[in-house]
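Residues in the sequence shown are numbered consecutively from 2, following this note's numbering.
Each residue gets a CB set at the ideal place from its N, CA and C atoms; glycine is no exception.
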Amino acid sequence: MKTYKNIKLLVVFFVLLTLTQCSKPLEQETYGVLAATDGPASKELMQGLLEGVFVQFQYNGEQGRNQIYFAEFSSDHIYNEIGGLFRQSSPIINWDWDASHPWFEDNFWGKPYRAIANANLYLEFVETSKLSDEEKELGIAEARFARAVSYASLYNLFGAVPLRTSSDDEVYKERSTAEEVTNFIESELEAIAEDLPVKAALFGKPTRGAAYGLLMKHYLNTKKWQKVIDNANLIKALGKYSLYTAGTNPYRDLFKVQNELIENETIFSFPASVLDLNNGNAIMSHSYPDSDYEILVTGEEDTRWSPGRISGTKNRAYDFLVDLFEDEDDRKKQFIKTFIDYNGNVRVNAPNKNGIFKYWPDPNANQWASGHDFRIVRYADVLLSEAEALNELNGPTQASIDLINEVRIRAKATPLVLGDFSSQDALRNEILNERGREFYFEGKRREDLIRHGKYVTAKRSHPLKPKSGAEDFRVLVPIPQAEIDANPNMVQNTGY
(Lines of atoms letter the chains of each structure in order from A and count residues from 1; the text may use other names and numbers.)
(Lines give C-alpha, C1' and ligand atoms only; values in the text may rest on other atoms or scores of the structure.)
Protein backbone atom coordinates (compact mmCIF):
# COMPACT_ATOMS: atom_id res chain seq x y z
CA MET A 1 0.00 0.00 0.00
CA LYS A 2 1.09 3.57 -0.60
CA THR A 3 2.86 5.17 2.36
CA TYR A 4 2.12 8.84 2.85
CA LYS A 5 0.83 11.25 5.43
CA ASN A 6 -2.42 13.14 5.53
CA ILE A 7 -2.38 15.88 8.14
CA LYS A 8 -4.99 18.09 9.76
CA LEU A 9 -3.69 21.35 11.21
CA LEU A 10 -5.62 23.05 14.00
CA VAL A 11 -4.33 26.57 14.57
CA VAL A 12 -5.18 27.11 18.23
CA PHE A 13 -1.86 28.39 19.51
CA PHE A 14 -0.65 26.21 16.61
CA VAL A 15 -1.63 22.87 18.12
CA LEU A 16 -0.63 20.30 15.51
CA LEU A 17 -2.46 17.03 15.02
CA THR A 18 -0.85 14.50 12.70
CA LEU A 19 -2.79 11.68 11.07
CA THR A 20 -0.59 9.03 9.52
CA GLN A 21 -1.97 6.73 6.84
CA CYS A 22 -0.23 3.44 6.21
CA SER A 23 -1.10 -0.23 6.33
CA LYS A 24 -2.67 0.06 9.78
CA PRO A 25 -5.54 2.23 11.11
CA LEU A 26 -5.10 5.96 11.41
CA GLU A 27 -2.99 7.09 14.33
CA GLN A 28 -3.13 10.52 15.93
CA GLU A 29 -0.22 12.26 17.63
CA THR A 30 -0.07 15.72 19.17
CA TYR A 31 3.25 17.43 18.51
CA GLY A 32 2.95 20.37 20.88
CA VAL A 33 2.01 23.97 21.36
CA LEU A 34 3.93 26.84 19.77
CA ALA A 35 3.90 30.18 21.58
CA ALA A 36 5.97 33.31 21.03
CA THR A 37 8.06 32.59 24.14
CA ASP A 38 8.87 28.98 23.32
CA GLY A 39 12.16 29.76 21.60
CA PRO A 40 13.38 27.56 18.75
CA ALA A 41 10.64 25.24 17.53
CA SER A 42 11.22 21.53 17.98
CA LYS A 43 11.73 19.14 15.10
CA GLU A 44 8.44 17.45 15.86
CA LEU A 45 6.52 20.68 15.84
CA MET A 46 8.11 21.82 12.58
CA GLN A 47 7.31 18.47 11.01
CA GLY A 48 3.69 18.88 12.04
CA LEU A 49 3.57 22.43 10.71
CA LEU A 50 4.99 21.34 7.34
CA GLU A 51 2.51 18.53 7.12
CA GLY A 52 -0.20 21.06 7.88
CA VAL A 53 0.86 22.77 4.66
CA PHE A 54 0.34 19.59 2.69
CA VAL A 55 -3.10 18.68 4.00
CA GLN A 56 -4.32 21.97 2.53
CA PHE A 57 -2.12 21.77 -0.56
CA GLN A 58 -3.16 18.29 -1.62
CA TYR A 59 -6.35 18.07 -3.65
CA ASN A 60 -7.90 14.73 -2.84
CA GLY A 61 -11.36 13.52 -1.96
CA GLU A 62 -14.14 15.90 -2.91
CA GLN A 63 -11.70 18.74 -3.60
CA GLY A 64 -9.72 16.73 -6.16
CA ARG A 65 -12.90 15.48 -7.76
CA ASN A 66 -14.33 18.98 -8.13
CA GLN A 67 -11.15 20.29 -9.75
CA ILE A 68 -11.45 17.60 -12.42
CA TYR A 69 -15.21 18.01 -12.76
CA PHE A 70 -15.09 21.75 -13.32
CA ALA A 71 -12.38 21.42 -15.98
CA GLU A 72 -14.28 18.66 -17.79
CA PHE A 73 -17.94 19.64 -17.37
CA SER A 74 -17.35 23.24 -18.44
CA SER A 75 -15.65 21.96 -21.59
CA ASP A 76 -16.92 19.89 -24.51
CA HIS A 77 -16.28 16.16 -24.07
CA ILE A 78 -17.81 14.97 -20.78
CA TYR A 79 -20.87 15.90 -18.74
CA ASN A 80 -22.81 14.90 -15.63
CA GLU A 81 -26.51 14.24 -15.15
CA ILE A 82 -29.06 13.28 -12.49
CA GLY A 83 -28.51 12.73 -8.80
CA GLY A 84 -27.41 15.07 -6.05
CA LEU A 85 -24.18 16.10 -7.74
CA PHE A 86 -26.11 17.43 -10.72
CA ARG A 87 -27.42 20.31 -8.60
CA GLN A 88 -23.83 21.57 -8.41
CA SER A 89 -22.65 20.47 -11.85
CA SER A 90 -25.58 21.84 -13.89
CA PRO A 91 -24.50 25.52 -13.63
CA ILE A 92 -21.06 24.43 -14.82
CA ILE A 93 -22.42 22.44 -17.77
CA ASN A 94 -24.87 25.22 -18.69
CA TRP A 95 -22.30 28.01 -18.34
CA ASP A 96 -24.33 30.08 -15.90
CA TRP A 97 -22.19 29.72 -12.77
CA ASP A 98 -21.75 32.75 -10.52
CA ALA A 99 -19.68 33.87 -7.54
CA SER A 100 -21.83 31.95 -5.07
CA HIS A 101 -21.04 28.49 -6.45
CA PRO A 102 -19.79 26.37 -3.53
CA TRP A 103 -16.84 24.87 -5.43
CA PHE A 104 -15.26 28.27 -5.93
CA GLU A 105 -15.22 29.45 -2.33
CA ASP A 106 -13.73 26.52 -0.46
CA ASN A 107 -12.20 24.17 -3.04
CA PHE A 108 -10.75 26.62 -5.54
CA TRP A 109 -10.00 29.67 -3.38
CA GLY A 110 -10.00 28.82 0.32
CA LYS A 111 -8.00 25.60 0.20
CA PRO A 112 -4.96 26.93 -1.72
CA TYR A 113 -4.89 30.10 0.37
CA ARG A 114 -4.89 28.00 3.55
CA ALA A 115 -1.91 26.09 2.14
CA ILE A 116 -0.20 29.40 1.37
CA ALA A 117 -0.83 30.74 4.87
CA ASN A 118 0.55 27.56 6.45
CA ALA A 119 3.59 27.64 4.16
CA ASN A 120 4.30 31.26 5.09
CA LEU A 121 4.10 30.38 8.77
CA TYR A 122 6.46 27.42 8.36
CA LEU A 123 8.98 29.54 6.45
CA GLU A 124 8.95 32.17 9.18
CA PHE A 125 9.82 29.66 11.92
CA VAL A 126 12.10 27.24 10.12
CA GLU A 127 15.39 29.15 10.17
CA THR A 128 15.46 29.43 13.98
CA SER A 129 14.05 25.95 14.60
CA LYS A 130 15.91 22.91 15.91
CA LEU A 131 15.91 21.21 12.52
CA SER A 132 19.27 20.28 11.04
CA ASP A 133 20.58 22.31 8.09
CA GLU A 134 19.69 19.45 5.74
CA GLU A 135 16.17 19.21 7.17
CA LYS A 136 15.73 22.98 6.86
CA GLU A 137 16.82 22.99 3.21
CA LEU A 138 14.36 20.24 2.27
CA GLY A 139 11.53 21.67 4.36
CA ILE A 140 11.97 25.13 2.85
CA ALA A 141 11.95 23.65 -0.65
CA GLU A 142 8.79 21.64 0.04
CA ALA A 143 6.94 24.60 1.58
CA ARG A 144 7.90 26.92 -1.28
CA PHE A 145 6.86 24.25 -3.79
CA ALA A 146 3.41 23.93 -2.22
CA ARG A 147 3.03 27.71 -2.05
CA ALA A 148 4.07 28.27 -5.68
CA VAL A 149 1.88 25.48 -7.05
CA SER A 150 -1.05 26.80 -5.00
CA TYR A 151 -0.59 30.16 -6.69
CA ALA A 152 -0.39 28.43 -10.09
CA SER A 153 -3.74 26.77 -9.38
CA LEU A 154 -5.28 30.09 -8.32
CA TYR A 155 -3.89 31.86 -11.39
CA ASN A 156 -5.22 29.15 -13.70
CA LEU A 157 -8.75 29.69 -12.39
CA PHE A 158 -9.01 33.30 -11.20
CA GLY A 159 -6.22 35.10 -13.01
CA ALA A 160 -4.14 37.54 -10.95
CA VAL A 161 -4.78 37.20 -7.21
CA PRO A 162 -3.30 38.83 -4.10
CA LEU A 163 0.22 37.59 -3.43
CA ARG A 164 0.59 36.76 0.24
CA THR A 165 4.14 35.79 1.22
CA SER A 166 4.12 36.64 4.92
CA SER A 167 1.80 36.25 7.89
CA ASP A 168 2.37 39.99 8.44
CA ASP A 169 0.77 40.94 5.11
CA GLU A 170 -2.05 43.43 5.36
CA VAL A 171 -5.44 41.80 5.75
CA TYR A 172 -7.19 43.57 2.88
CA LYS A 173 -4.73 43.12 0.04
CA GLU A 174 -5.43 44.23 -3.50
CA ARG A 175 -4.95 41.87 -6.40
CA SER A 176 -1.38 41.66 -7.66
CA THR A 177 -0.68 42.02 -11.36
CA ALA A 178 -0.54 39.01 -13.66
CA GLU A 179 3.16 39.64 -14.18
CA GLU A 180 3.82 39.67 -10.43
CA VAL A 181 1.96 36.39 -9.91
CA THR A 182 3.56 34.54 -12.82
CA ASN A 183 7.03 35.83 -11.94
CA PHE A 184 6.55 34.59 -8.38
CA ILE A 185 5.44 31.11 -9.50
CA GLU A 186 8.34 30.78 -11.92
CA SER A 187 11.05 32.17 -9.68
CA GLU A 188 9.99 30.05 -6.69
CA LEU A 189 9.88 26.75 -8.56
CA GLU A 190 13.11 27.46 -10.41
CA ALA A 191 14.85 28.38 -7.14
CA ILE A 192 13.92 25.25 -5.21
CA ALA A 193 13.90 22.50 -7.87
CA GLU A 194 17.51 21.43 -7.22
CA ASP A 195 16.86 21.26 -3.47
CA LEU A 196 14.15 18.64 -3.93
CA PRO A 197 15.03 14.94 -4.10
CA VAL A 198 14.76 12.93 -7.30
CA LYS A 199 12.70 10.42 -5.30
CA ALA A 200 10.59 11.50 -2.33
CA ALA A 201 10.73 9.62 0.96
CA LEU A 202 6.93 9.75 1.23
CA PHE A 203 4.46 9.24 -1.60
CA GLY A 204 2.84 12.54 -2.56
CA LYS A 205 5.71 14.76 -1.41
CA PRO A 206 7.33 16.98 -4.08
CA THR A 207 10.34 15.88 -6.11
CA ARG A 208 12.70 17.56 -8.53
CA GLY A 209 10.71 16.07 -11.40
CA ALA A 210 7.50 17.47 -9.91
CA ALA A 211 9.01 20.98 -9.82
CA TYR A 212 10.13 20.70 -13.44
CA GLY A 213 6.76 19.22 -14.42
CA LEU A 214 4.68 21.92 -12.77
CA LEU A 215 6.95 24.57 -14.29
CA MET A 216 6.54 22.94 -17.70
CA LYS A 217 2.74 23.00 -17.39
CA HIS A 218 2.77 26.61 -16.20
CA TYR A 219 4.96 27.65 -19.11
CA LEU A 220 2.73 25.70 -21.50
CA ASN A 221 -0.40 27.52 -20.36
CA THR A 222 1.37 30.89 -20.46
CA LYS A 223 2.82 30.06 -23.92
CA LYS A 224 6.49 30.37 -23.02
CA TRP A 225 7.41 27.71 -25.54
CA GLN A 226 11.19 27.45 -25.17
CA LYS A 227 10.86 27.10 -21.41
CA VAL A 228 8.38 24.26 -21.97
CA ILE A 229 11.05 22.47 -23.99
CA ASP A 230 13.78 23.26 -21.45
CA ASN A 231 11.81 21.78 -18.56
CA ALA A 232 10.71 18.76 -20.59
CA ASN A 233 14.38 18.06 -21.23
CA LEU A 234 15.22 18.48 -17.55
CA ILE A 235 12.58 15.85 -16.73
CA LYS A 236 14.00 13.45 -19.32
CA ALA A 237 17.53 14.01 -18.03
CA LEU A 238 16.51 12.66 -14.63
CA GLY A 239 16.19 9.23 -16.23
CA LYS A 240 13.32 8.35 -13.89
CA TYR A 241 10.16 8.66 -15.97
CA SER A 242 8.77 6.80 -18.97
CA LEU A 243 5.47 5.76 -20.51
CA TYR A 244 3.90 2.74 -18.85
CA THR A 245 3.96 -0.05 -21.44
CA ALA A 246 3.44 -3.29 -19.50
CA GLY A 247 0.64 -5.71 -20.33
CA THR A 248 -1.75 -6.06 -23.25
CA ASN A 249 -3.53 -2.75 -22.54
CA PRO A 250 -1.01 -0.54 -20.70
CA TYR A 251 -3.21 2.57 -20.90
CA ARG A 252 -6.00 0.82 -19.01
CA ASP A 253 -3.57 -0.74 -16.54
CA LEU A 254 -1.89 2.62 -15.86
CA PHE A 255 -5.11 3.73 -14.16
CA LYS A 256 -5.50 0.67 -11.97
CA VAL A 257 -4.86 1.44 -8.31
CA GLN A 258 -2.69 -1.64 -7.87
CA ASN A 259 -0.19 -0.34 -10.43
CA GLU A 260 0.32 3.13 -8.94
CA LEU A 261 3.49 2.18 -7.09
CA ILE A 262 5.09 0.26 -9.94
CA GLU A 263 4.56 2.61 -12.89
CA ASN A 264 7.09 5.35 -13.65
CA GLU A 265 4.83 7.54 -15.76
CA THR A 266 3.28 9.68 -13.04
CA ILE A 267 5.53 12.61 -12.15
CA PHE A 268 3.30 14.19 -9.54
CA SER A 269 -0.06 13.30 -8.05
CA PHE A 270 -2.22 13.98 -5.04
CA PRO A 271 -2.74 10.71 -3.13
CA ALA A 272 -6.15 9.23 -2.48
CA SER A 273 -6.96 6.52 0.05
CA VAL A 274 -9.85 4.20 0.84
CA LEU A 275 -8.87 4.26 4.53
CA ASP A 276 -10.55 7.64 4.94
CA LEU A 277 -13.65 8.43 2.89
CA ASN A 278 -12.78 12.13 3.00
CA ASN A 279 -9.69 11.36 0.93
CA GLY A 280 -11.16 8.74 -1.40
CA ASN A 281 -11.81 9.23 -5.10
CA ALA A 282 -15.52 9.11 -6.03
CA ILE A 283 -15.12 9.58 -9.79
CA MET A 284 -15.45 5.90 -10.65
CA SER A 285 -18.60 5.55 -8.54
CA HIS A 286 -20.14 8.37 -10.60
CA SER A 287 -19.04 6.97 -13.96
CA TYR A 288 -20.75 3.60 -14.32
CA PRO A 289 -23.08 3.32 -17.33
CA ASP A 290 -26.07 2.62 -15.08
CA SER A 291 -26.87 1.79 -11.47
CA ASP A 292 -27.89 -1.80 -12.30
CA TYR A 293 -24.53 -2.50 -13.93
CA GLU A 294 -23.19 -5.98 -13.17
CA ILE A 295 -20.20 -6.63 -15.42
CA LEU A 296 -18.72 -5.90 -18.83
CA VAL A 297 -19.83 -8.13 -21.67
CA THR A 298 -16.16 -9.07 -22.12
CA GLY A 299 -16.02 -10.34 -18.53
CA GLU A 300 -12.86 -8.36 -17.79
CA GLU A 301 -11.60 -8.43 -14.23
CA ASP A 302 -12.00 -5.85 -11.48
CA THR A 303 -15.30 -4.47 -12.74
CA ARG A 304 -17.97 -5.93 -10.44
CA TRP A 305 -19.09 -3.58 -7.67
CA SER A 306 -22.01 -4.01 -5.27
CA PRO A 307 -25.04 -1.76 -5.93
CA GLY A 308 -24.34 0.45 -2.91
CA ARG A 309 -21.01 1.54 -4.36
CA ILE A 310 -22.48 2.84 -7.62
CA SER A 311 -23.77 6.39 -7.31
CA GLY A 312 -27.06 7.61 -8.73
CA THR A 313 -25.36 10.56 -10.42
CA LYS A 314 -23.85 9.77 -13.82
CA ASN A 315 -20.78 11.04 -15.63
CA ARG A 316 -21.16 10.58 -19.39
CA ALA A 317 -18.97 10.91 -22.46
CA TYR A 318 -20.44 12.27 -25.67
CA ASP A 319 -20.33 10.05 -28.74
CA PHE A 320 -18.19 12.55 -30.63
CA LEU A 321 -15.42 12.11 -28.04
CA VAL A 322 -15.56 8.34 -28.47
CA ASP A 323 -15.53 8.81 -32.24
CA LEU A 324 -12.22 10.71 -32.03
CA PHE A 325 -10.48 7.37 -31.50
CA GLU A 326 -9.61 4.67 -34.00
CA ASP A 327 -11.31 1.36 -33.20
CA GLU A 328 -8.00 -0.31 -32.24
CA ASP A 329 -6.95 2.51 -29.94
CA ASP A 330 -6.74 1.09 -26.40
CA ARG A 331 -7.90 4.39 -24.96
CA LYS A 332 -11.28 3.93 -26.64
CA LYS A 333 -11.85 0.68 -24.76
CA GLN A 334 -12.41 2.56 -21.50
CA PHE A 335 -15.76 3.91 -22.76
CA ILE A 336 -18.61 1.56 -21.92
CA LYS A 337 -21.52 1.37 -24.37
CA THR A 338 -22.62 -2.21 -23.67
CA PHE A 339 -22.81 -4.06 -20.37
CA ILE A 340 -24.65 -6.84 -18.52
CA ASP A 341 -27.13 -5.79 -15.82
CA TYR A 342 -28.06 -7.57 -12.59
CA ASN A 343 -30.77 -9.56 -14.36
CA GLY A 344 -28.29 -10.93 -16.88
CA ASN A 345 -29.56 -8.76 -19.72
CA VAL A 346 -27.21 -7.22 -22.26
CA ARG A 347 -27.82 -3.48 -22.16
CA VAL A 348 -26.82 -0.90 -24.76
CA ASN A 349 -26.49 2.72 -23.67
CA ALA A 350 -28.57 5.40 -25.33
CA PRO A 351 -26.62 7.75 -27.62
CA ASN A 352 -24.20 10.09 -25.82
CA LYS A 353 -24.52 8.23 -22.52
CA ASN A 354 -21.22 6.38 -22.55
CA GLY A 355 -19.92 5.14 -19.21
CA ILE A 356 -16.30 6.04 -18.50
CA PHE A 357 -13.94 3.44 -17.01
CA LYS A 358 -10.88 5.70 -17.16
CA TYR A 359 -10.30 4.99 -13.47
CA TRP A 360 -10.60 1.23 -13.63
CA PRO A 361 -12.72 -0.07 -10.71
CA ASP A 362 -10.74 -0.47 -7.51
CA PRO A 363 -11.25 -4.00 -6.11
CA ASN A 364 -10.55 -2.64 -2.61
CA ALA A 365 -12.96 0.27 -2.79
CA ASN A 366 -14.55 1.39 0.46
CA GLN A 367 -18.22 2.07 -0.26
CA TRP A 368 -18.07 4.62 -3.11
CA ALA A 369 -14.45 5.65 -2.49
CA SER A 370 -11.60 4.39 -4.66
CA GLY A 371 -7.89 4.75 -4.09
CA HIS A 372 -7.17 6.28 -7.50
CA ASP A 373 -4.68 9.10 -7.06
CA PHE A 374 -5.34 12.49 -8.65
CA ARG A 375 -2.62 12.67 -11.30
CA ILE A 376 -1.32 16.19 -11.94
CA VAL A 377 1.56 15.57 -14.35
CA ARG A 378 2.56 12.37 -16.12
CA TYR A 379 5.19 11.60 -18.72
CA ALA A 380 2.70 11.53 -21.63
CA ASP A 381 2.10 15.22 -20.87
CA VAL A 382 5.84 15.89 -21.13
CA LEU A 383 5.90 14.38 -24.63
CA LEU A 384 2.80 16.16 -25.91
CA SER A 385 3.73 19.48 -24.29
CA GLU A 386 7.14 19.39 -25.91
CA ALA A 387 5.56 18.49 -29.26
CA GLU A 388 3.20 21.46 -28.96
CA ALA A 389 6.01 23.86 -28.04
CA LEU A 390 8.17 22.67 -30.94
CA ASN A 391 5.28 23.19 -33.36
CA GLU A 392 4.62 26.68 -32.02
CA LEU A 393 8.28 27.61 -32.51
CA ASN A 394 9.11 25.78 -35.75
CA GLY A 395 5.91 24.51 -37.34
CA PRO A 396 5.54 20.80 -38.20
CA THR A 397 8.78 18.87 -37.79
CA GLN A 398 9.68 15.21 -37.51
CA ALA A 399 10.69 15.84 -33.90
CA SER A 400 7.14 16.88 -32.99
CA ILE A 401 5.63 13.95 -34.86
CA ASP A 402 7.96 11.48 -33.13
CA LEU A 403 6.96 12.77 -29.70
CA ILE A 404 3.25 12.45 -30.49
CA ASN A 405 3.78 8.98 -31.90
CA GLU A 406 5.37 7.75 -28.68
CA VAL A 407 2.00 8.35 -27.03
CA ARG A 408 -0.04 6.97 -29.95
CA ILE A 409 2.02 3.81 -30.35
CA ARG A 410 1.58 2.96 -26.66
CA ALA A 411 -2.19 3.10 -27.28
CA LYS A 412 -1.94 1.05 -30.54
CA ALA A 413 -3.13 4.04 -32.60
CA THR A 414 -1.81 4.57 -36.12
CA PRO A 415 1.38 6.68 -36.07
CA LEU A 416 1.14 10.15 -37.60
CA VAL A 417 3.05 11.04 -40.76
CA LEU A 418 4.73 14.43 -41.11
CA GLY A 419 3.59 14.83 -44.70
CA ASP A 420 -0.05 14.88 -43.59
CA PHE A 421 0.43 18.27 -41.90
CA SER A 422 1.02 21.09 -44.32
CA SER A 423 0.80 23.91 -41.79
CA GLN A 424 1.43 24.80 -38.18
CA ASP A 425 -2.29 25.20 -37.62
CA ALA A 426 -3.04 21.71 -38.94
CA LEU A 427 -0.62 20.10 -36.50
CA ARG A 428 -1.79 22.42 -33.72
CA ASN A 429 -5.35 21.10 -34.14
CA GLU A 430 -4.13 17.52 -34.20
CA ILE A 431 -2.16 18.04 -30.98
CA LEU A 432 -5.30 19.40 -29.29
CA ASN A 433 -7.22 16.34 -30.48
CA GLU A 434 -4.47 14.02 -29.28
CA ARG A 435 -4.50 15.68 -25.87
CA GLY A 436 -8.26 15.13 -25.80
CA ARG A 437 -7.75 11.43 -26.49
CA GLU A 438 -4.89 10.97 -24.02
CA PHE A 439 -6.05 13.12 -21.10
CA TYR A 440 -9.85 12.84 -21.10
CA PHE A 441 -11.24 13.04 -17.57
CA GLU A 442 -7.92 14.12 -16.02
CA GLY A 443 -8.92 17.77 -15.56
CA LYS A 444 -6.87 19.18 -18.43
CA ARG A 445 -9.50 19.92 -21.07
CA ARG A 446 -10.42 23.43 -19.89
CA GLU A 447 -6.83 24.72 -19.86
CA ASP A 448 -6.10 23.08 -23.21
CA LEU A 449 -9.11 24.72 -24.86
CA ILE A 450 -8.28 28.10 -23.32
CA ARG A 451 -4.68 27.90 -24.52
CA HIS A 452 -5.88 27.10 -28.05
CA GLY A 453 -8.46 29.89 -27.97
CA LYS A 454 -11.38 27.44 -28.25
CA TYR A 455 -12.91 27.29 -24.77
CA VAL A 456 -15.73 29.75 -25.47
CA THR A 457 -16.30 28.77 -29.11
CA ALA A 458 -16.50 25.09 -28.11
CA LYS A 459 -19.48 25.96 -25.92
CA ARG A 460 -21.10 28.21 -28.48
CA SER A 461 -20.93 25.53 -31.15
CA HIS A 462 -21.32 22.41 -29.01
CA PRO A 463 -23.02 19.67 -31.08
CA LEU A 464 -25.55 18.79 -28.38
CA LYS A 465 -25.55 21.45 -25.65
CA PRO A 466 -24.62 24.71 -27.35
CA LYS A 467 -24.95 28.10 -25.71
CA SER A 468 -24.80 30.72 -28.42
CA GLY A 469 -24.45 33.48 -25.82
CA ALA A 470 -21.49 31.90 -23.99
CA GLU A 471 -19.47 34.83 -22.66
CA ASP A 472 -15.76 35.41 -23.20
CA PHE A 473 -15.24 36.41 -19.57
CA ARG A 474 -15.88 32.83 -18.41
CA VAL A 475 -12.32 31.85 -19.23
CA LEU A 476 -11.84 32.94 -15.61
CA VAL A 477 -14.07 31.99 -12.70
CA PRO A 478 -15.44 34.65 -10.33
CA ILE A 479 -13.76 35.59 -7.08
CA PRO A 480 -15.99 33.96 -4.43
CA GLN A 481 -18.69 36.29 -3.19
CA ALA A 482 -17.64 35.73 0.41
CA GLU A 483 -14.18 37.08 -0.45
CA ILE A 484 -15.65 40.11 -2.21
CA ASP A 485 -17.81 40.82 0.85
CA ALA A 486 -14.90 40.40 3.28
CA ASN A 487 -12.22 42.37 1.43
CA PRO A 488 -13.13 45.94 0.41
CA ASN A 489 -10.04 46.08 -1.83
CA MET A 490 -10.91 42.98 -3.82
CA VAL A 491 -12.04 43.64 -7.40
CA GLN A 492 -14.28 41.05 -9.04
CA ASN A 493 -13.34 39.49 -12.38
CA THR A 494 -14.95 41.22 -15.35
CA GLY A 495 -18.47 40.09 -16.17
CA TYR A 496 -19.46 38.70 -12.78
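- Assignment of LYS315 by DSSP, reduced to helix, strand and coil, places it in the strand class.
- Fewer than three beta-carbon pairs drawn from the segment 311-318 and the segment 372-379 are found closer than 8 Å, and the two stretches are therefore not classed as touching.
- Considered as a whole, the segment 199-225 harbours 209-222 as its complete alpha helix (DSSP H) runs of no fewer than 4 residues, in chain order.
- The segment 347-407 contains, as complete beta strand (DSSP E) runs of 3+ residues, the segments 347-349, 375-379 (chain order).
- According to the DSSP secondary-structure assignment, ASN81 is paired through a beta bridge with ASN316.
- With 16 or more neighbouring CB atoms inside 10 Å of its own CB, LEU428 falls in the buried class.
- Just measuring C-alpha positions, the residue of TYR242, ALA144, GLN482 sitting nearest HIS102 is GLN482.
- ARG310 sits away from GLN399, with the two beta carbons spaced by 8 Å or more.
- Per DSSP, SER154 lies in no beta strand (DSSP E) segment; the continuous alpha helix (DSSP H) that holds it begins and ends at 134-159.
- For TYR114, the enclosing alpha helix (DSSP H) begins and ends at 112-127.
- Ranked by Cα distance from LEU385, the options ASN344, ASN434, GLY345, GLU73 are led by ASN434.
- Across the structure, VAL476 and VAL457 are spaced so that their CA atoms are roughly 7 Å apart.
- Under the three-state reduction of DSSP, LEU197 is assigned to coil, being neither helix nor strand.
- In the DSSP annotation of this structure, the continuous segment of the beta strand (DSSP E) that includes THR267 starts and ends at 267-271.
- In the assembly as shown, GLN48 is a buried residue. Its beta-carbon has 16 or more other beta-carbons within 10 Å.
- Take the alpha-carbon of ASN280 and the one of ASN365: they are about 14 Å apart.
- Residues of the same chain with a CB within less than 8 Å of the CB of LEU417, apart from the 5 flanking positions on each side, are ILE402, ILE405, ASN406, ARG409, GLU431 in chain order.
- Using a Cβ-Cβ distance cut-off of 8 Å, the segment 171-178 and the segment 212-224 are not in contact, since fewer than three pairs of beta carbons, one from each stretch, lie closer than that value.
- Ranking SER288, ALA283, TYR213, GLU295 by CA distance to the CA of THR267 puts TYR213 first.
- Inside the segment 442-494, DSSP marks whole alpha helix (DSSP H) runs of 4 or more residues at positions 446-452, 456-461, 482-487, from first to last along the chain.
- Ranked by Cα distance from ASN353, the options TRP361, LEU322, TYR343 are led by LEU322.
- With the rule of 3 Cβ pairs closer than 8 Å, the segment 186-204 counts as touching the segment 145-161.
- For PHE55, the secondary structure class from DSSP, reduced to helix, strand or coil, is helix.
- As far as DSSP is concerned, ILE410 takes part in no beta bridge.
- DSSP, reduced to helix, strand and coil, places PHE256 outside both helices and strands of the structure shown, so it counts as coil.
- For PHE440, the closest alpha carbon among the candidates GLN425, LEU276, ARG253 is that of ARG253.
- Shown here for GLY160: same chain residues with a beta carbon closer than 6 Å to its own, the five before and five after excluded, namely LEU477 in chain order.
- Within the DSSP secondary-structure output, ASP342 pairs in a beta bridge with TYR294.
- CA-to-CA, the gap between GLY300 and ILE341 works out to about 9 Å.
- Within the same chain, and ignoring the five residues on either side of VAL182 in sequence, the residues whose Cβ sits closer than 7 Å to its Cβ are TYR152, TYR156, ALA161, VAL162, LEU164.
- Per DSSP, the unbroken alpha helix (DSSP H) holding SER90 starts and ends at 87-94.
- Excluding residues up to 5 positions away in sequence, LYS44, MET47, GLY140 lie with their Cβ nearer than 7 Å to the Cβ of LEU132 in the same chain.
- For ASP426, the enclosing alpha helix (DSSP H) has its first and last residue at 425-440.
- One alpha carbon belongs to PHE71, the other to GLU393, and they sit about 28 Å apart.
- Nearest to PHE185 by C-alpha distance, out of GLY356, ASP231, TYR289, THR166, is THR166.
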